[in-house]
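Undergrad: Residue numbers (the working numbering): 230 to 336. The C-beta atom is built at its ideal place from N, Cα and C for all residues, glycine as well.
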Amino acid sequence: MSEDKNIQDCLCEEGKVPDTKGGCVMPEVTFSTFVMSLNTSALFHLGEIPDPRTGAKTVEIDLARHAIDTLTVLQQKTKGNLSEDEEQLLNNILYDVKLRFVKAVRK
């Protein structure tokens with residue numbers, strides 16, 4: 230049981246991660262975490278991710294489209310300035326979220 234208590238002591242509130250001193254902090258902002266954040270927003274508005282407070286999944290097509298459009302602008306404006314990994318991450322996320330968007334619109 231003491232192991233479970235130690236694990237619980239290491240848990241941080243939603244959105245935060247443990248730092249090296251055992252405190253809870255927001256994760257470092259990098260290009261990849263920014264893209265992942267926009268992806269999470271799009272998936273949330275597509276009803277793919279439940280609301281953490283209510284557990285309900287809701288579809289908001291206009292908000293999902295806005296998140297996808299933001300990712301697309303980011304892709305256009307950063308062209309030629311990303312590492313290979315960053316470019317691949319953005320391309321893969323856009324491909325995936327656009328497919329999910331089309332499926333959501335067809336429902």
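Three or more C-beta pairs closer than 8 Å, one from the segment 311–320 and one from the segment 280–290: is that the case here?
TA: no
Undergrad: To which residues of the same chain is Pro256 closer than 7 Å at the C-beta, ignoring the five residues directly before and after it?
TA: Position 27 of the sequence shown holds residue 256. Hits under 7 Å: Val246, Thr262.
Undergrad: Along the chain, where does the alpha helix (DSSP H) containing Asp291 start, and where does it finish?
TA: Stepping through the sequence shown from its first residue, residue 291 is reached at position 62. 290–306 is the span of the alpha helix (DSSP H), which, as asked, contains Asp291.
Undergrad: Could you check whether Leu323 and Leu300 sit closer than 8 Å to each other, using their CB atoms as the reference points?
TA: Here residue 300 is taken as the residue at index 71 of the sequence shown, counted from 1. Here residue 323 is taken as the residue at index 94 of the sequence shown, counted from 1. Yes. Within cutoff.
Undergrad: Taking the straight line between their C-alpha atoms, what separation do you get for Ser266 and Gly276?
TA: Position 37 of the sequence shown, counted from the start, is the residue given in the question as residue 266. Position 47 of the sequence shown, counted from the start, is the residue given in the question as residue 276. Taking the straight line joining both Cα atoms gives about 15 Å.
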